[in-house]
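As C-alpha cells, the structure follows; a few thoughts come after it.
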C-alpha cells in the first residue's frame, strides 16, 4: 500500500460529514431491528392471549339445566348426600323399580354379564349378601323389594348418590352460553330463558365448567355428569412412569457418551460413538407417530405378556423412548458445559474417574440436566399421536389401578370431546384443556424448584 | 498393581523426581524432546522459557496429568522414589495423590471453603468430622488463609478474591499431604500483592514439600527458586514454508548460576530479555 492511498483512508476517518451521514443510517438500522423484535413479542403475546380467551370463553358461562326429576323434590335443598342409605334405596325403588337388576349387574355383580340373568342367585351373588331361601332363583325372580335390599346391603352411600344423580335426577344441559355472551349479553340470555325454558322448570345459572365435580367425576356420555378424573390419573401415571424410566437411562447414556467414550482419533470405538451420537440427534426429530408404531409392535404385541397389551406401562415405555433423545442431548450439553478446570482440579487431587464424575461433574451439571428433563416432561404430557397408536382408550369407566391397567390421558380426552356433536362437550373440552395446562405448570414448577435448589447449593 | 511408594527408598538419594530422556508426543507430533532433569528434594525448581517451549507439558508429565489429554504420550522414564511412573502397573490416580498440582487459573470447586479442603481427604475415605475439621484448619493455616476465612468456612470458595482462591487451591492440594506440589504459573492471573503472598507461602511450604513451578516471570524464578531449568524451542523447516517445532531443555542449574553466569549463550540472551 502506498502512502498516498493510506492518506485517503485516514482522510475519510477524519471526515465529519461522512461520519454524520453514516451515523444516521446506523441508528436507523438499529431502530428498525429493535422494532421488529418488539413486533415479534407482540405477535407471540397476542397468540397466547387469543388462546386463553378461547379457552376461558368456553369454560365459563351461563347454562340452562333441567332435570328428569328435580333433586329438591327428593331431598331438602336437593342435597342427596345428606340422605341415609334406606332413604336413597326408597328413591330408587320409587323411580327406577324396573331397572334394579341392571344396577345389581353394574354395581354388585363381577362375573360375565351374559350369564347374569341365567345363573342362580347363589352364584351371581356368591360372597355377597342375598335374601335367604332364594339360592335357586335367578335375579329376575326376586321381588323389587328384595332387589332393592340386595343393592342396599352391597353398595355404599356415595355409590348410591352417584347412581341416583345419574339415573333418577338425570341432569340435562339444555343450553350453554359463552363467557363473553354471559357478561355482555345477560338481558338477552334471561329473556330467552324466560321465553323458552322457564315453563319446563329448568334453571339458569352461571357456572364454571372446571369445578371440583369435573375433577373428581369419571368419564360419562352425559355432559352434565362427565368429569376428567380417569384421564387426569392416566396422564399423571403415564408421565411419572415415563420420567422414572427415561431419566436414569438418558442421564446414564449421556454420562457414558461424554465421560467414558473418549478414544483416540481413528479408533474403532470413536467411530462407533460418533455414529451413535449422530443417530440420537436424528431420533430427536423423528415424528412421534413413528414411536407409536414402534411401541405397538414391541411393547403391546411382542412383550404383551409382560406389559398386558394396551396398558399404562406400554404407553410409558413408548413415551420414554420418545423423550430419551431430548434428555440425552440436553444432559450431554450440561456435562460438556462443566469447565475442564474443575475436572483437572479433581484428577490433580488423586480422584478416580467415578469420584470426579460423581462429586464434581454431576453437581455442576444437574441444573442443566433438569432443564432438559423439564422440556422432555412437557413433551410427554402433551403427546397424543403415539398414545393413540399404542391404544389409549377413548372411553373407559374405570380408573387405572395398576401399571397394567387400560387408561386414557387428557389430550385424548380433549380430542374425543371436541369431536362429539353435543355442544356441551366443547365446554368440557375447554375445561380439560385448563386442567392439562395447570397440570403442566405444576409438574414444571416442581422440576424448576428442584433445579433452583441444585443451583443454590452450587452458589452458596 | 504395585502401589506408588509413599517414602523414598534409601538408595534414591537427594532427588525427588528424575526425568530420563523424557519425550512427550501429542498424537504424532513431538512436543518435548529428550529432557533430563533431577529434581531436588525439598527445593523449589522453576521451569522458565518462551511460550511454546513445552515447560508446562513437562510439568504435567510429572504427575501423569497428560494422560487426560487425548492422544498424549510420554516416552522415557520419570523416576519417583525409585519407580518409573510410566512403568507398567502404575495407577495414575495413585501418582497424583503423591504429586499434587496447582493450576494457572484458580479453580476452586463450586462448594464451600470447608468442602473444597475436605474434598481430598474425603476422596481417600476419611469421614470423621473431627478429623476433617482438623485437616481443614491445618491446611488453611498452612496456606496462610485461616485467619481470613475461619469465620466463613461455609461460604462458597468462589466468593473469595483471586489471590485467596489460589491460596485455597494450594491449601486443598496440601490437605492430602502430597510429597511433591506442581504449580503451573500459579501467579499469572494475580496482582503483585497476591503474588507476593503466594511466593512467601511457597518459601514456607518448601520446608516440607518439594515444589516444581512453571513461570513466565523471570523475577519470580529469581526470587523463589533454588534451581532453574531453562527450556527453549527448536525448529526444523519443512517444505512449503511450514515448520516443525519442539521444546528442549537448554540448561539446568542452581538459580544463581542461571541468572548470573549461564553456561549457555541462548540462556544468556533469554535472561537478558533478547527474546521470549
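Protein chains in written order, with our numbering: chain X, 34 to 493; chain L, 25 to 300.
Ideal Cβ positions, reconstructed from N, Cα and C, are used throughout, including at glycine.
| message | Using a Cβ-Cβ distance cut-off of 8 Å, determine whether residue 207 (chain L) contacts chain X. | response | no
| CB contact check: residue 113 (chain L) to chain X, cutoff 8 Å | no
| field | Close beta carbons around residue 199 (chain X), own chain, < 8 Å, minus the five adjacent residues each side | value | 253, 255, 258
| query | Among residues of its own chain, excluding the 5 on either side of residue 54 (chain L), which ones have a beta-carbon nearer than 6 Å to its beta-carbon? | reply | 270
| Looking at residue 185 (chain X) and residue 98 (chain X), is the spacing between their C-beta atoms short of 8 Å? | no
| field | Alpha carbon of residue 35 (chain L) to alpha carbon of residue 367 (chain X), nearest angstrom | value | No answer about residue 35 (chain L) holds up, because its pLDDT of 49 lies below 50 and its placement is not dependable.
| said: My output table needs one value for residue 304 (chain L): the three-state DSSP class, helix, strand or coil. | reply: Residue 304 (chain L) cannot be examined here, being either before or after the span of chain L that is shown, 25 to 300.
| Where do the N-terminal and C-terminal ends of the alpha helix (DSSP H) with residue 161 (chain X) fall, by residue? | Looking at the DSSP string, residue 161 (chain X) is not in any alpha helix (DSSP H), and its letter there is neither H nor E.
| Contact set between residue 46 (chain X) and chain L, taken where Cβ atoms lie within less than 8 Å | The premise fails here: residue 46 (chain X) is roughly 34 Å from chain L at the closest Cβ pair, so nothing lies under 8 Å.
| field | Contact under 8 Å by Cβ, residue 414 (chain X) with residue 474 (chain X) | value | no
| query | Which residues, in chain order, does the segment 386-402 of chain X contribute to contact with chain L at a C-beta distance below 8 Å? | reply | 388, 392, 393, 396, 397
| Cβ-based neighbour list, residue 236 (chain X), same chain, cut-off 8 Å, excluding 5 preceding and 5 following | 97, 98, 99
| said: Using a 10 Å radius around the Cβ and a threshold of 16 neighbouring Cβ atoms, would you call residue 136 (chain X) buried or exposed? | reply: buried
| query | Within this structure, are the beta carbons of residue 103 (chain L) and residue 42 (chain L) separated by less than 8 Å? | reply | yes
| Do you know how far the Cα of residue 226 (chain X) is from the Cα of residue 219 (chain X)? | 11 Å
| message | Can you check which of these residues, L:287, L:235, L:293, L:51, is closest to residue 94 (chain L) by C-alpha distance? | response | L:51
| Can you name the start and end residues of the beta strand (DSSP E) that residue 54 (chain L) belongs to? | 53-64
| said: Buried or exposed for residue 363 (chain X), going by 16 or more other Cβ atoms inside 10 Å? | reply: buried
| request: Please list the partners that residue 2 (chain L) has in chain X, where partner means a Cβ-to-Cβ separation under 9 Å. | output: Outside the displayed range of chain L (25 to 300) lies residue 2 (chain L), so it cannot be described from this structure.
| Contacting residues, own chain, Cβ-Cβ under 6 Å from residue 48 (chain L) (five flanking each side not counted) | 55, 56, 81, 85, 98
| Is it true that the segment 340-351 of chain X meets the segment 368-376 of chain X, where meeting means three or more beta-carbon pairs spaced less than 8 Å apart? | no
| Once you ignore the five residues that flank residue 87 (chain L) on each side, which residues in its own chain have a CB closer than 7 Å to its CB? | 119, 120, 123, 125, 206
| task | Can you say whether residue 203 (chain L) is buried or exposed, counting buried as having 16 or more other CB atoms within 10 angstroms of its CB? | result | buried
| request: Compute the distance between the beta-carbons of residue 466 (chain X) and residue 197 (chain X), then report whether it is under 8 Å. | output: no
| field | Exposure label - residue 45 (chain L); buried when at least 16 CB within 10 Å | value | exposed
| request: Work out the CA separation of residue 279 (chain X) and residue 334 (chain X) for me, nearest whole Å. | output: 21 Å
| Cα-Cα separation, residue 219 (chain L) to residue 355 (chain X) | 54 Å
| task | Give me the Cα-Cα distance between residue 50 (chain X) and residue 57 (chain X), rounded to the nearest whole angstrom. | result | 11 Å
| query | What are the boundary residues of the alpha helix (DSSP H) that residue 382 (chain X) is part of? | reply | Element bounds for residue 382 (chain X): n/a, residue is neither H nor E.
| message | With a threshold of 8 Å, are at least 3 pairs of Cβ atoms found where one atom belongs to the segment 244-261 of chain L and the other to the segment 60-73 of chain L? | response | yes
| query | Taking 8 Å as the CB-CB limit, is residue 25 (chain L) close to chain X? | reply | Any reading at residue 25 (chain L) is ruled out, since the residue's pLDDT is 44, under 50, leaving its predicted position unreliable.
| Using a beta-carbon distance below 8 Å, is residue 294 (chain X) in contact with chain L? | no
| task | Please compile the residues from chain X whose C-beta is within a distance smaller than 9 Å of the C-beta of residue 162 (chain L). | result | Residues of chain X passing the Cβ test: none, with the nearest at roughly 16 Å.
| field | Sequence-distant residues of its chain with Cβ nearer than 7 Å to residue 158 (chain L) (five each side left out) | value | none
| task | Count the CB pairs spanning the segment 429-439 of chain X and the segment 209-217 of chain X that are closer than 8 Å, and state whether there are at least three. | result | no
| query | Taking the alpha carbon of residue 65 (chain L) as the point to measure from, which residue in L:232, L:267, L:280, L:237 has its own alpha carbon closest? | reply | L:232
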